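As structure tokens, the structure follows; a few thoughts come after it.
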Amino acid sequence: MLETAAPAADAKAAEAQPKLTDGFHLVIEALMLNGIKTIYGVPGIPITDFGRLAQAAGVRVISFRHEQHAGNAAAIAGFLTKKPGICLTVSAPGFLNGLTALANATTNCFPMILMSGSSEREIVDLQQGDYEEMDQLAIAKPLCKAAFRVLRAADIGIGVARAIRAAVSGRPGGVYLDLPGKLFSQVIDAEAGQKSLVKVIDAAPAQIPDPGAVTRALDVLKSATRPLIILGKGAAYAQADDQIRALVEKSGIPFLPMSMAKGILPDTHPQCAGAARSTVLKDSDVVMLVGARLNWLLSHGKGKTWGDAPKKFIQIDIEPKEMDSNVEIAAPLVGDIGSCVSALLDGMGGHWPAPPADWVNAVQAKREENVAKMAPRLMNNRSPMDFHGALGSLRTVIKERPDAILVNEGANTLDLARGVIDMYQPRKRLDVGTWGVMGIGMGFAVAAAIETGKPVLAVEGDSAFGFSGMEVETICRYNLPICIVVFNNDGIYRGTDVNSASSDPAITVFVKGSRYDKMIEAFGGVGVNVTTPDELKRAVDAAMDSRRPTVINAVIDPAAGTESGSIGKLNPQSAVRRK
Ligand SMILES: Cc1ncc(C[n+]2csc(CCOP(=O)(O)OP(=O)(O)O)c2C)c(N)n1
Ligand SMILES: [Mg+2]
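Each residue of the sequence shown is one higher than the one before, starting from 17 at the first, in the numbering used here.
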């Protein structure tokens with residue numbers, strides 16, 4: 017009797033007790049309630065159990081080897097999905113490792129949330145030397161769109177909601193969410209906890225442009241004799257692909273895609289002016305920017321690149337402060353890109369005049385001339401390879417597999433690949449973005465594979481790869497369909513520099529004849545060494561077909577590159593030359 021009565025009494029007593037929950041569960045539930053399915057991070061105090069519990073609750077938790085790469089993964093997940101990517105780090109050093117990615121996400125307008133555990137507030141604020149002590153909120157603030165700290169478990173719902181809304185509304189960007197260790201273990205009534213959770217309704221509301229601004233933009237566009245449309249990565253982010261394509265085609269205007277906007281319309285589209293970039297920038301008279309900023313990547317909208325003739329700009333951007341940032345904007349169109357482009361399409365009506373034929377023909381002729389000039393270089397089968405020969409192979413790979421995602425970083429490896437590899441679908445090219453930052457490679461590749469399920473081809477300079485190369489273990493651990501091609505030219509820009517002052521190697525060169533393919537073999541992945549474009553093509557095809565994690569060491573002539581790729585002119589030059 018006693019034996020059966022005891023559990024019954026226990027159950028009764030438990031029923032009488034109020035049900036409890038804690039910070040761990042509330043953060044997980046708040047994320048899940050808002051459709052967040054994946055967390056990218058590195059475990060440690062105070063977030064290890066949080067990661068375990070999240071995994072147990074059905075959230076996918078991807079553990080990296082370094083927070084910067086987890087942060088980059090979260091950022092590009094945000095770009096690909098329009099939902100904030102989540103990066104989870106430990107306090108001080110882990111937080112700082114994630115911070116570069118947070119700042120980069122903000123600069124590139126990728127929505128992400130860096131969630132960091134932090135140390136005891138009472139000790140941190142008195143600077144008494146806590147474990148991993150740092151005032152993380154204060155440090156994060158200037159580097160992101162918004163920064164919040166949650167101190168009470170009952171505020172977790174609101175804190176997560178605010179972070180999500182801040183990341184994706186208006187111009188997207190990075191948000192910091194500080195979660196002190198003690199928050200996770202705080203216990204509150206389960207029902208009250210449940211009620212405190214917030215489902216964010218319409219996180220990124222449409223921002224409809226002013227009708228007068230739409231008319232003004234169309235008037236300016238109509239006045240053009242040599243119009244140009246520039247598509248930026250904001251246009252890719254917007255996922256308004258059909259409207260953008262309709263706008264370009266209805267207008268008949270040549271378009272120039274910025275790097276990560278390649279593929280919104282195929283690079284092989286008859287109106288694509290990618291291969292006539294200098295001509296269209298210099299000779300156009302009206303330029304419509306769609307989610308592209310007039311920053312350094314577009315020479316600030318002025319100077320030699322843009323020619324002497326007066327130019328009028330129409331700019332579509334969700335951020336009003338972007339207007340007149342570098343030059344006068346004749347027709348600012350503030351709103352979300354989908355709404356702005358739809359409004360323009362409506363306003364154009366059924367009889368929009370085609371741009372003057374001499375302009376369209378001039379652009380076309382220049383483009384054909386440049387493509388023809390490039391063609392034989394891309395077909396050379398030299399060994400050791402030059403960049404063009406190797407990239408010729410990869411260009412065919414993407415042509416044959418247009419839904420694969422291309423990740424790209426390096427200097428020559430980046431600049432030449434951008435020009436050579438045609439893209440056919442939107443959001444398939446992910447690269448170093450606004451800052452030209454090295455180190456995005458493996459983080460972007462991991463998130464691209466996880467978020468889309470598509471195969472990923474990462475084309476990496478040997479230096480660029482080094483920044484995140486350890487993540488090949490992560491790629492093997494999660495068995496992701498990622499093929500990494502390391503363009504191995506023995507160094508940064510080229511492998512030929514010599515230091516004549518001492519026996520130390522020159523500052524831009526690496527160990528000659530390195531075999532990056534061996535790295536992945538240590539973790540059970542496939543390593544291949546290739547020395548010709550044909551071998552390269554075969555190796556990439558095999559990797560993409562098998563979907564096995566692969567590193568291909570592509571041996572490139574160490575003398576083939578140029579200093580800083582195509583942006584060597586940004587290196588400071590002094591008239592004084594001292595040895
Ligand atoms: C975080 C960061 N550190 C340093 C740089 C400077 N940088 C620009 S490109 C580059 C590497 C270029 O070498 P590699 O990746 O081998 O490309 P290659 O030109 O040889 O093809 C470096 C270190 C940077 N852009 N970002
Ligand atoms: Mg290199």
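For glycine and all other residues, C-beta sits at the position ideal for the given N, C-alpha and C.
Remember, it's a predicted structure, so these values are computed and weren't measured experimentally.
Can you give me the C-alpha to C-alpha distance between Lys238 and Leu115, rounded to a whole angstrom?
Their Cα atoms are separated by approximately 45 angstroms.
Mapping the DSSP letters down to three states, classify Met17 as helix, strand or coil.
Note that Met17 scores 40 on pLDDT, short of 50, meaning its location in the model is unreliable; the coordinates nonetheless yield the value given after this. Note: Met17 maps to coil in three-state DSSP.
What is the residue span of the beta strand (DSSP E) that Asn569 lies within?
Thr566 to Val571
What I want to know is whether the C-beta of Gly455 ends up closer than 7 angstroms to one or more non-hydrogen atoms of ligand 2.
no
Buried or exposed by the 16-neighbour rule on C-beta atoms within 10 Å, applied to Leu142:
exposed
Could you please give the first and the last residue of the uninterrupted beta strand (DSSP E) stretch that includes Val527?
Taken as a continuous stretch (DSSP letters only), Val527 belongs to no beta strand (DSSP E), as it is neither H nor E.
Name the two residues that bound the continuous alpha helix (DSSP H) containing Gly175.
Ile172 to Val184
Comparing alpha-carbon positions, which option in Gln223, Lys528 and Val376 lies nearest Arg187?
Gln223
With DSSP as the reference, label Ser79 as helix, strand or coil.
strand
Which residues share a DSSP beta bridge with Glu425?
Glu476
Cβ of Thr429 within 7 angstroms of any heavy atom in ligand 1?
yes
Which of the three DSSP states, helix, strand or coil, is assigned to Gln331?
strand
What separation, rounded to the nearest whole angstrom, lies between the Cα atoms of Gly477 and Phe483?
10 angstroms
Residue(s) in a DSSP beta bridge with Asp506
In the DSSP output, where bridge partners are listed per residue, Asp506 has none listed.
Alpha carbon to alpha carbon, how far is Asp550 from Arg411? Give it in angstroms, no decimals.
12 angstroms
Where the beta strand (DSSP E) through Met48 begins and ends
Where Met48 is concerned, there is no enclosing beta strand (DSSP E), although the alpha helix (DSSP H) it sits in stretches over Gly39 to Leu49.
Got a sec, what are the start and stop residues for the alpha helix (DSSP H) Val343 sits in?
From DSSP, Val343 is part of no alpha helix (DSSP H); its letter is neither H nor E.
Could you work out which residue in Lys318, Leu130, Thr548 and Gly101 is closest to Val343 when comparing CA atoms only?
Lys318
Burial state of Ile456 (16 or more Cβ within 10 Å)
buried
Roughly how many angstroms lie between the CA atoms of Leu18 and Lys28, to the nearest whole one?
In this prediction, Leu18 scores a pLDDT of 45, lower than 50, which makes its location untrustworthy; no coordinate-derived value is stated.
Spell out the partners DSSP gives Pro243 in its beta bridges.
Val302
Under 8 angstroms between C-beta atoms of Phe460 and Leu432:
no
In angstroms, rounded to a whole number, what distance separates the CA positions of Leu281 and Leu42?
43 angstroms
Residue environment, Val191, which counts as buried when at least 16 other CB atoms sit within 10 Å:
Flag for Val191 reads buried.
What residues in its chain sit with their C-beta under 8 angstroms from that of Val488, if we drop five residues either side in the sequence?
Met458, Ile500, Met535, Ile536, Phe539, Gly541, Pro565 and Val567
Distance between Leu360 and Asp226 (C-alpha atoms, nearest Å):
Distance between the alpha carbons of Asp226 and Leu360 is about 11 angstroms.
In angstroms with no decimal places, state the Cα-to-Cα distance between Ile129 and Phe481.
25 angstroms
Once you ignore the five residues that flank Thr512 on each side, which residues in its own chain have a CB closer than 7 angstroms to its CB?
Pro574 and Ala575
Distance CB(Gln152)-CB(Phe111) smaller than 8 angstroms
yes
What's the gap between the Cα of Lys298 and the Cα of Lys99?
Distance between the alpha carbons of Lys298 and Lys99: 37 angstroms.
Ala517: beta carbon under 7 angstroms from a heavy atom of ligand 1?
No, the Cβ of Ala517 stays beyond 7 angstroms of every heavy atom of ligand 1.
Span of the beta strand (DSSP E), counted from its first residue to its last, around Ile280
Segment: none, Ile280 is in no beta strand (DSSP E) and carries neither H nor E.
Say whether the region 170 to 180 touches the region 47 to 65, bearing in mind that this needs 3 or more beta-carbon pairs closer than 8 angstroms, one atom from each stretch.
yes
Closest by C-alpha distance to Arg92, when choosing among Asn124, Arg510, Pro588 and Met364:
For the record, residue 92 in the displayed sequence is Ile; it is not Arg. If we check each option's Cα against that of Ile92, Asn124 comes out closest.
By the three-class DSSP mapping on this structure, what secondary structure does Pro596 have?
This structure does not reach residue 596, given that the chain is present from 17 up to 595, and the question cannot be answered.
Tell me, please, whether the region 242 to 258 touches the region 300 to 315 by the rule of three or more beta-carbon pairs shorter than 8 angstroms.
yes
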